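Residue numbers (my numbering), protein chains in the order written: chain V, 1 to 325; chain Y, 326 to 650.
All C-beta atoms, glycine included, are put in the ideal place defined by N, C-alpha and C.
Note that the structure is predicted; figures quoted are calculated from it, not measured.
Heads up: the structure comes next, in structure tokens.
Protein chains: 2
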Amino acid sequence: MRAEILAALREESGYISGQELCERFGVSRTAVWKSINQLKKQGYEIEAVTNKGYRIVSAPDLLNENELMSVQKTEWIGKKIYYYDVLDSTNIQAGRLAQEGADHGTLVVAGRQEAGKGRRGRGWESPADTGVFMTLILRPEIEPGNASMLTLVAALAVVKGIAALTQLKPLIKWPNDIVVNKKKVCGILTEMDAQIDYVNHIVVGIGINVQNREFPDEIDKIATSLYLECGRKTNRAALIEAVCEEFERYYEKYMETQDLSRIVEEYNHFLINFNQKVRILDPREPYEGIALGVTNRGELIVDTDGKRRLVSSGEVSVRGVYGYV
Amino acid sequence: MRAEILAALREESGYISGQELCERFGVSRTAVWKSINQLKKQGYEIEAVTNKGYRIVSAPDLLNENELMSVQKTEWIGKKIYYYDVLDSTNIQAGRLAQEGADHGTLVVAGRQEAGKGRRGRGWESPADTGVFMTLILRPEIEPGNASMLTLVAALAVVKGIAALTQLKPLIKWPNDIVVNKKKVCGILTEMDAQIDYVNHIVVGIGINVQNREFPDEIDKIATSLYLECGRKTNRAALIEAVCEEFERYYEKYMETQDLSRIVEEYNHFLINFNQKVRILDPREPYEGIALGVTNRGELIVDTDGKRRLVSSGEVSVRGVYGYV
């Protein structure tokens, strides 16, 4: 009931009368009044004006299933939402849920992570109530070799989601970081459970630094948060919803061709590597060049003295970003 | 203790005295005698001759951790063995163990499976005490794109393992079946948990029809067992050991180059598709051709009217096999 009333208040730009809420949900005035009071206790600022009704003034930065469901505008992502105050890692939990049969589009969110996962077995700093820690479970009918492109789909979705809720202009550091003012604000970790030619499931994990006011010394120079960049808080539930909405849109474009041909132009527009000097940490031999964008398959095109090389994965440093000169 | 005494009896081609067993393991005559009796109860036929000692005459077709450990001759595979009388699926259980940190080389074996997995979400018939249901957990430092070749490594190991214990001449139906007299005797299911450019773990599941005396109607024409082909039982623990030993050997050759260049010749020697008419069930358009073997990367080379095509995965029918004409 509370989630429905919250959603109704949110949909309305002006006031909505208590009478209308009663009629719409077939409940008594007392029930409406109780729900409104519960929402106030949770931190919602709700104005009540005689003869006009209720109006939502501000929402607290709460994360829970109600909150997430009340802001949901997606078609198929997040039809099922699992929220946890604490998890080892949203990717690990999503993997478990997928093993148990969770549907395509299932969304897993945590308030904090105790073993947040980064790439190649690294960790991801995930303190309580500061970040967005979310994972999408996907079951696309694609070749396992096409799954890596979903990281780029997610990167584009995060850039657009952040831009929709803040004045920031985030950029993408290929393949899986989102950068604001040359510091990392988001990481994406795509993991796959697959047979040779068949995808069992894919989990796309997204970690965004939102309300952090500081970072541990060892990453202070390369990490930032939306709060530090904007000087104000961003509502995490709204951000999750915005990212899901954008992901849904770009994912559908990706699935039309099972490559990035319909979104690569937009992706390259946000690429911080674009026309920049990059250093490719190839395990055989590191080399440098100028990044010219990504291909329809998501490979980074690097010009090394007139010769073009395609980088399909791995570690890339971009001049001027994360302190690389 | 029992496993050690069993292993000692097995190592000895002739008799081994009770005295020697006592000394070797630092236990009393009574303890040795108790272990021998327990083994007899489990179905081992053990001859005891005065002044000579004990000799193992025959082993029952038992599966359990003791049995598997007593026949083990591998270097690093099966240093840790998990045996279960019943599992949903050895691949599923291996995945769970891997998530919990199980080591490279861990072996998972089940007496029967209640939800045995085949390719593309199909099942695998796994009745009690008839088959080998085993899965190896691997953590190789390879690109995810190279993992599919491990199915071919496993296929070669199974062919050699079966050939070592029977008079049969099994062949490989690319990519993941083992065939005896044109019927399927083994399936292999390789599954991977990976990031874009990093393998978390791989599980290689091997299901061999061993003692089956009949098959359900719907697969009777395409499936067979070692028992049906040999007319006698094959010891499952010995077969598992033989497959592990061969897998270890071929896996090491594979890892030297991270492709099949050192074993492809031998693989092609056992390929039932070799120089045969094949039908490739390409989802875009099925086509026919003559199979010419596999490449160093495990792709099937198909000649279609003089043009060579490489098949990297998918469904392939071979003329004369499984009733395909």
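>> On the CB-based measure, 16 or more other CB atoms within 10 Å of its CB, does residue 492 of chain Y come out buried or exposed?
In response: By the neighbour-count criterion, in which 16 or more other beta carbons inside 10 Å mark a residue as buried, residue 492 of chain Y falls on the exposed side.
> Which residues in chain V sit within 8 Å of residue 516 of chain Y, going by Cβ to Cβ distance?
Replying inline: Per Cβ cutoff of 8 Å: 193, 194, 195 and 200.
> Within 8 Å (strictly less), CB to CB, does residue 470 of chain Y reach chain V?
Replying inline: Chain V has a Cβ within less than 8 Å of the Cβ of residue 470 of chain Y.
>> Residues of chain V with CB closer than 8 Å to the CB of residue 476 of chain Y, please, in chain order.
In response: Neighbours of residue 476 of chain Y in chain V, taken as residues whose beta carbon is under 8 Å from its own, are 196 in chain order.
>> With H, G and I counted as helix, E and B as strand and the rest as coil, what does DSSP make of residue 149 of chain V?
In response: Three-state result, residue 149 of chain V: helix.
> Should residue 51 of chain V be labelled buried (16 or more other beta-carbon atoms within 10 Å of its own) or exposed?
Replying inline: Residue 51 of chain V should be labelled exposed.
> Does the beta carbon of residue 175 of chain V sit closer than 8 Å to a beta carbon anywhere in chain Y?
Replying inline: Yes, because at least one Cβ of chain Y sits closer than 8 Å to the Cβ of residue 175 of chain V.
>> So, at 8 Å on beta carbons, what are the nonlocal neighbours of residue 66 of chain V in its own chain, with the 5 sequence-adjacent residues on each side left out?
In response: Only 2, 3 and 6 meet the Cβ criterion.
> Among V:119, V:115 and V:91, which has the Cα closest to the Cα of residue 107 of chain V?
Replying inline: With distances taken between Cα atoms, residue 107 of chain V lies closest to V:91.
> If you measure from the beta carbon of residue 447 of chain Y to each beta carbon in chain V, is any gap under 8 Å?
Replying inline: False, the Cβ-Cβ gap to chain V never drops below 8 Å.
> Taking buried to mean at least 16 other C-beta atoms within 10 Å of its own C-beta, is residue 449 of chain Y buried or exposed?
Replying inline: Buried, because 16 or more other Cβ atoms sit within 10 Å of the Cβ of residue 449 of chain Y.
> Taking DSSP as the reference, what is the three-state secondary structure of residue 397 of chain Y?
Replying inline: Three-state result, residue 397 of chain Y: coil.
>> Are the CB atoms of residue 558 of chain Y and residue 536 of chain Y within a distance shorter than 8 Å?
In response: Yes.
> Candidates Y:534, Y:539, Y:538 and Y:516: which alpha carbon is nearest residue 528 of chain Y's?
Replying inline: Answer by Cα proximity: Y:516.
>> For residue 526 of chain Y, count the other beta carbons within 10 Å of its own beta carbon; 16 or more makes it buried, fewer makes it exposed. Which is it?
In response: Result: buried.
>> Here's the rule I'm using: 16 or more other beta-carbon atoms within 10 Å means buried, otherwise exposed. How should residue 353 of chain Y be labelled?
In response: The residue is exposed, with fewer than 16 neighbouring Cβ atoms inside 10 Å.
> What residue does the beta strand (DSSP E) around residue 240 of chain V start on, and which one ends it?
Replying inline: Premise fails: residue 240 of chain V lies in the alpha helix (DSSP H), 236-257, not in any beta strand (DSSP E).
>> List, in chain order, every chain Y residue whose beta-carbon is nearer than 9 Å to that of residue 119 of chain V.
In response: Listed along chain Y, the residues sitting closer than 9 Å to residue 119 of chain V by beta-carbon distance are 520, 521, 522 and 523.
> Quick one: complete beta strand (DSSP E) runs, 3+ long, within the stretch 147-203 of chain V?
Replying inline: With a minimum length of 3 residues, the unbroken runs of beta strand (DSSP E) contained wholly in the stretch 147-203 of chain V fall at 171-173, 177-180 and 183-195.
> What is the DSSP secondary structure of residue 303 of chain V, counted as helix, strand or coil?
Replying inline: DSSP places residue 303 of chain V in strand when its eight states are reduced to three.
>> Taking CB distances under 8 Å as the criterion, tell me whether residue 317 of chain V reaches chain Y.
In response: Chain Y has no Cβ within less than 8 Å of the Cβ of residue 317 of chain V.
> Who are residue 605 of chain Y's beta bridge partners in DSSP?
Replying inline: Partner residues in the beta bridge of residue 605 of chain Y, as assigned by DSSP, are Y:612 and Y:641.
> Which ranges does the alpha helix (DSSP H) cover as unbroken runs of at least 4 residues, wholly within the stretch 35-70 of chain V, from first to last along the chain?
Replying inline: DSSP assignment within the stretch 35-70 of chain V yields the following whole alpha helix (DSSP H) runs of 4 residues or more, N-terminal first: 65-70.
> Whole-angstrom Cβ separation of residue 520 of chain Y and residue 189 of chain V, contact assumed at under 8 Å?
Replying inline: The beta-carbon distance between residue 520 of chain Y and residue 189 of chain V, rounded to whole angstroms, is 7 Å. This is short enough to meet the 8 Å contact definition.
> Buried or exposed: residue 548 of chain Y, going by 16 or more other Cβ atoms within 10 Å of its Cβ?
Replying inline: With 16 or more other Cβ atoms within 10 Å, it is buried.
> Thinking C-alpha only, which one of V:161, V:151 and V:165 is nearest residue 187 of chain V?
Replying inline: By alpha-carbon distance to residue 187 of chain V, the top candidate from V:161, V:151 and V:165 is V:151.
> Okay, do the stretch 554-572 of chain Y and the stretch 486-500 of chain Y touch, 3+ Cβ pairs below 8 Å being the bar?
Replying inline: Touching, per the Cβ criterion.
>> I'd like the list of long-range same chain contacts for residue 251 of chain V, defined as Cβ closer than 7 Å, with 5 residues on each side in sequence excluded.
In response: Closer than 7 Å at the Cβ level, and outside the excluded window around residue 251 of chain V, lie 153.
>> For residue 144 of chain V, count the other beta carbons within 10 Å of its own beta carbon; 16 or more makes it buried, fewer makes it exposed. Which is it?
In response: Counting of Cβ neighbours within 10 angstroms places residue 144 of chain V among the buried residues, the total reaching 16 or more.
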